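>
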Amino acid sequence: MVASTVSPPWTYTLQLPQDPRAPGVARATLRNVLRVHGMHELTQVAELLASELVTNAYLYSSGPYSLRLRDAGRGRVRLSVWDTDPRIPAPFRWGMPPPEELAERGRGLHLVTLYAECWGAYPMRGGLPGQGGKLLWVECAAKV
150 MVASTVSPPW TYTLQLPQDP RAPGVARATL RNVLRVHGMH ELTQVAELLA SELVTNAYLY
210 SSGPYSLRLR DAGRGRVRLS VWDTDPRIPA PFRWGMPPPE ELAERGRGLH LVTLYAECWG
270 AYPMRGGLPG QGGKLLWVEC AAKV
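Just so we're aligned: the sequence shown equals residues 150 to 293 in the working numbering.
1. Can you tell me whether DSSP reads residue 272 as helix, strand or coil?
2. Name the two residues that bound the continuous beta strand (DSSP E) containing residue 215.
3. Are there 16 or more other CB atoms within 10 angstroms of the CB of residue 259, so buried, or fewer, so exposed?
4. Looking at C-beta atoms only, is the number of pairs between the segment 260-273 and the segment 208-220 that lie closer than 8 Å three or more?
5. Considering only the beta carbon of each residue, do residue 163 and residue 175 sit closer than 8 Å?
6. Is residue 233 closer than 8 Å to residue 200 when the C-beta atoms are compared?
7. Give the range of the alpha helix (DSSP H) segment to which residue 180 is assigned.
8. Please report the distance separating the alpha-carbon of residue 268 from that of residue 289.
9. Cα separation between residue 181 and residue 189?
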């Protein structure tokens, strides 16, 4: 008789400071989480997506930010980044045209919308002071 194990859903949250090294820490953490959960095939795309989202939070918010990694079932992972800046960036606002080919900014998040299986953004309002901001999320999946 072959024993089977069921992996429960998992979630990890990494709190990141306003520090230029934080995006690198986020990428290393993501690689380790995917490795221990046997999701190696997602590493390249997930790392690109997380890197762009976390770097955006570092560059455009003034306070701490966080990366959340969540099992989304069926070989999928959801990456979300919360930061203190309430403005939703252009690629995550529906109906916005892609950036110009030679644009100096805006191409990274546009790549996110191209490589992610699905994506979205939520403004975060209310709560205690400093708890506003926004949440950008993406999902990537193993190719079957």
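Yeah, the Cβ is synthetic: ideal placement off N, Cα and C, and Gly gets one too. Everything numeric in this text was worked out from a predicted model, so none of it was measured.
In brief:
1. strand
2. 214-222
3. buried
4. no
5. yes
6. no
7. 171-185
8. 9 Å
9. 9 Å
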